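Engineer:
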Amino acid sequence: MSYPKDKDLATALQGSENERRRALQHFFENPRLLKWSLRYVQVQGGGEQDGKDIFEESFLVFERQIRTGHYRGESSLETFFHGIIRWQWLAFRRKNKPDANLENQPEMPSEDHSPEKILISEERRIILSGLMTQVGERCQKLIGLFQLNYTMREIRELQGYSSDQVAANEVHNCREKLKKLIHQRPEILEALKFRS
Amino acid sequence: MNKGVDWYQYIEPYNLGKLPTELNAQFEAALQTDEALAAAVATQRTEWEMQELMAENLLRAQIREEFATRGAKPVDGLNWWPRNWKYVLTAMIVLIVAVYCVFRALEKTPTVPVLPENPSGESTPPIQAPNLGRAQAPPPEIPSEDAAKTRGLRQLAMARYQVPESLSGVRGQSDEDTLALATKAFFEKKYRVVLQLLTTLPENETQEALSLRAHAHFNAGNYSAASRDFSTLESGGIYRREAEWFGLLARMAMPDSDKKAIDAELNKIRKQPNHRFARDAEKLWKALK
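Protein sequences appear in the order of chains A and B.
Just so you know, the numbering used here puts 65 at position 65 of the first sequence, and the rest follows in order with no gaps.
Every number in the numbering used here is 1000 more than the matching position in the second sequence, counting from 1.
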């Protein structure tokens, strides 16, 4: 599957389950995306697994930038993605080799004035991961699908619910459960307060 | 500050960094004074992040599944050159040197006709044509690369050869003088006569006579003898420069001429701008190359 226009790829990344899958496959098949990323990391001194990790993290950031409207098509998607790869590689090096003489971390590639808002720091991830386990696997999946803007019909199909309404109710219940958990653990909010 | 504004509606856009700059500043000012608003922002942020982490997990699973399905394809040509350039370069140099040596060896090796081996080791007499009583003609010359080269050099030497004007000025002490007779014979192209006359060089006109004899040898096709005479003249005297040039031509015309030695001699002449035959040497050099 090829996307002659960047807009088509961006739309596919927010489309149906199949469209999203094909968009992800495009990242694997287009030599200027996955292959470029692996090559970049290896040329920079990283291993093949490092390259895969960087690609994975970059794809997550990339997808989120598009989903949250931080990418407005002012630069090509490829260029934008390459910028994220470079940024992620430097972040990776900084994390794994703090003593290495690295140049200052550049700004997160974005067309938005405050892209850092959609980044989740490593410290916050660690704190939040403890809370996540309490939500349960089923709710984690439902909330994840909801967050990725899947429609209730898609969630029904994926989860095998009898109707869209049942799917919506299930998602609602899981989100309420999450909110409740957060409120019940004020110490977590306190711990997160100073960790941006 | 906009009092009475419902800041709670801006929590999500604020957390996603989507508020316009001015409104963002006002919102942050409100956060400083409104603790409940700050708590609501922190809660929404935590909730959003939790949801994002769950979304991430789903995407991660898809990416890893894709990696697993496609397998770990090696990334072709990635660090191949940076890792191996030394070996490749060494191999290329060795190859170039080997090719050069082979060509040089082929250039030097004379072409020897390969005779078919006789596996039995017996000496089989060659089949001879019946002798019809006629005088046996000499075997035809087998053309070889060296012979062709020699012919080429000789032709070049002959083409460059011109009787020097200085020879026309060679006069004996009288019209009946040996040198005068030899000069006359030379310009009548009676080279054998010249050589007979100058078998012994006249004592008082040795240089002139030697020069004339050398040219007579050259024109008679005795290139080795011509070379010898020119070499004697090269050791000194007014004919030294001429002798260098004509001696070179004589050595070129010799059947066993040494191409390298000729090149060296020719190069020596052409590198001397004041040499009388420098320009001729340059032309010959280009013709040879």
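Glycine included, every Cβ here is placed at the ideal spot set by N, Cα and C.
What you are looking at is a predicted structure, and each value in this text was computed from that prediction instead of being measured.
What does the Cβ neighbour count give for A:K97, buried or exposed, with the cut at 16 atoms within 10 Å?
Structural biologist: Classification for A:K97: exposed.
Engineer: Suppose you measure from the CA of A:P186 to the CA of A:K179; what does that come to, to the nearest Å?
Structural biologist: Their backbone Cα atoms lie some 12 Å apart in a straight line.
Engineer: Going by beta carbon distance, what residues of the same chain come within less than 6 Å of B:W1285, once the five residues before and after it are set aside?
Structural biologist: Closer than 6 Å at Cβ, skipping near neighbours: L1266 and R1270.
Engineer: For B:L1249 versus B:R1160, is the C-beta distance shorter than 8 Å?
Structural biologist: Cβ distance < 8 Å, so B:L1249 and B:R1160 count as in contact.
Engineer: Roughly how many whole angstroms lie between the Cα atoms of A:P4 and A:E123?
Structural biologist: Roughly 39 Å separates the two Cα atoms.
Engineer: Flag A:Q14 as yes if its beta-carbon sits less than 8 Å from any beta-carbon of chain B, otherwise no.
Structural biologist: No, no contact with chain B.
Engineer: Taking C-beta to C-beta, are A:I182 and B:T1069 nearer than 8 Å?
Structural biologist: No, the pair does not count as a contact, with Cβ atoms beyond the cut-off.
Engineer: With respect to the alpha helix (DSSP H) encompassing A:D53, which residues constitute its N-terminal and C-terminal limits?
Structural biologist: That run of the alpha helix (DSSP H) goes E48 to R67.
Engineer: Our contact map puts B:L1197 next to B:L1181 with C-beta atoms below 8 Å; I'd like the distance itself, whole angstroms only.
Structural biologist: Right, their Cβ atoms sit about 6 Å apart.
Engineer: Could you tell me whether the Cβ of B:E1056 comes closer than 8 Å to any Cβ of chain A?
Structural biologist: Chain A, which has a Cβ nearer than 8 Å to the Cβ of B:E1056, makes this yes.
Engineer: Which residues in the same chain have their Cβ closer than 6 Å to the Cβ of B:E1052, if we skip the five residues on either side of it in sequence?
Structural biologist: The answer is none, since no qualifying residue turns up.
Engineer: Please classify B:Y1087 as buried or exposed, where buried requires at least 16 other C-beta atoms within 10 Å of its C-beta.
Structural biologist: Per the 10 Å Cβ criterion, exposed.
Engineer: Kindly list, in the order they appear in chain B, the residues whose Cβ is closer than 8 Å to that of A:F59.
Structural biologist: Within 8 Å Cβ-Cβ: L1059 and I1063.
Engineer: I'd like to know if B:L1078 contacts chain A, where contact means its C-beta is closer than 8 Å to some C-beta of that chain.
Structural biologist: Model confidence at B:L1078 stands at a pLDDT of 49, short of 50, so the residue's coordinates are unreliable; what they give is reported in the following sentence. Yes, because at least one Cβ of chain A sits closer than 8 Å to the Cβ of B:L1078.
Engineer: Spatial neighbours of A:F81 within its chain, please: CB distance less than 7 Å, with the 5 preceding and 5 following residues excluded, ordered by chain position.
Structural biologist: Answer for A:F81: L33, S58 and F62, listed in chain order.
Engineer: Using DSSP with H/G/I as helix, E/B as strand and the rest coil, what is A:G160?
Structural biologist: A:G160: coil per DSSP, three-state reduction.
Engineer: Under 8 Å between C-beta atoms, does B:Q1009 make it to chain A?
Structural biologist: So no, B:Q1009 is outside the interface.
Engineer: Excluding sequence positions up to five away, which residues of its chain have a Cβ less than 7 Å from the Cβ of B:Y964?
Structural biologist: Because residue 964 of chain B is not part of the residues shown, which for chain B are 1001 to 1289, the question remains open.
Engineer: Can you look up A:I120 in the DSSP assignment and give me helix, strand or coil?
Structural biologist: Correct three-state label for A:I120: coil.
Engineer: Can you list the residues of chain B that A:I120 reaches, using a CB-CB cut of under 8 Å?
Structural biologist: Within 8 Å Cβ-Cβ: E1049, E1052 and L1053.
Engineer: Thinking just about the alpha-carbon of each residue, which of A:G144, A:G47, A:H70 and A:K7 is nearest to the one in B:N1015?
Structural biologist: Nearest C-alpha to B:N1015: A:H70.
Engineer: If you drop the 5 nearest sequence neighbours on each side, which residues of the same chain put their C-beta closer than 6 Å to that of A:E19?
Structural biologist: Excluding sequence neighbours, A:E19 sits near A12.
Engineer: Near A:Y161, what residues of its chain come up, given a Cβ to Cβ distance below 6 Å and the 5 sequence neighbours on each side ignored?
Structural biologist: Same-chain partners within the cutoff: A167.
Engineer: Contact between the region 1053-1063 of chain B and the region 127-147 of chain A: three or more CB pairs below 8 Å?
Structural biologist: Yes, they touch.
Engineer: Kindly indicate which three-state DSSP category B:K1286 falls into: helix, strand or coil?
Structural biologist: Three-state DSSP puts B:K1286 in a helix.
Engineer: Tell whether a beta-carbon distance below 8 Å holds between A:I216 and A:W89.
Structural biologist: Outside the modelled stretch of chain A, which goes from 1 to 196, sits residue 216 of chain A, for which no answer is possible.
Engineer: Can A:I127 and A:R64 be called in contact, C-beta distance under 8 Å?
Structural biologist: In this structure, A:R64 does not lie closer than 8 Å to A:I127 by Cβ.
Engineer: Hey, is A:G144's beta-carbon within less than 8 Å of any beta-carbon in chain B?
Structural biologist: So, interface residue.
Engineer: Expressed to the nearest angstrom, what Euclidean distance is found between the alpha-carbon atoms of A:G136 and B:L1089?
Structural biologist: Each residue's Cα considered, the two are about 60 Å apart.
Engineer: Measure from the C-beta of A:R125 to each C-beta in chain B and report whether the shortest distance is under 8 Å.
Structural biologist: Answer yes: the Cβ-Cβ gap between A:R125 and chain B drops below 8 Å somewhere.
Engineer: Determine, using beta carbons only, whether B:G1017 comes closer than 8 Å to chain A.
Structural biologist: At least one chain A Cβ lies under 8 Å of B:G1017.
Engineer: With C-beta atoms as the reference, is B:M1050 less than 8 Å away from A:L145?
Structural biologist: Result no, Cβ atoms of B:M1050 and A:L145 do not sit closer than 8 Å.
Engineer: Have a look at B:R1154, B:N1274, B:Q1162 and B:L1095 and flag the residue whose alpha-carbon is nearest the alpha-carbon of B:D1256.
Structural biologist: Taking only the C-alpha atoms, the option nearest B:D1256 is B:R1154.
Engineer: Count the other CB atoms within 10 Å of the CB of B:T1183; is the residue buried (16 or more) or exposed (fewer)?
Structural biologist: Burial call: buried.
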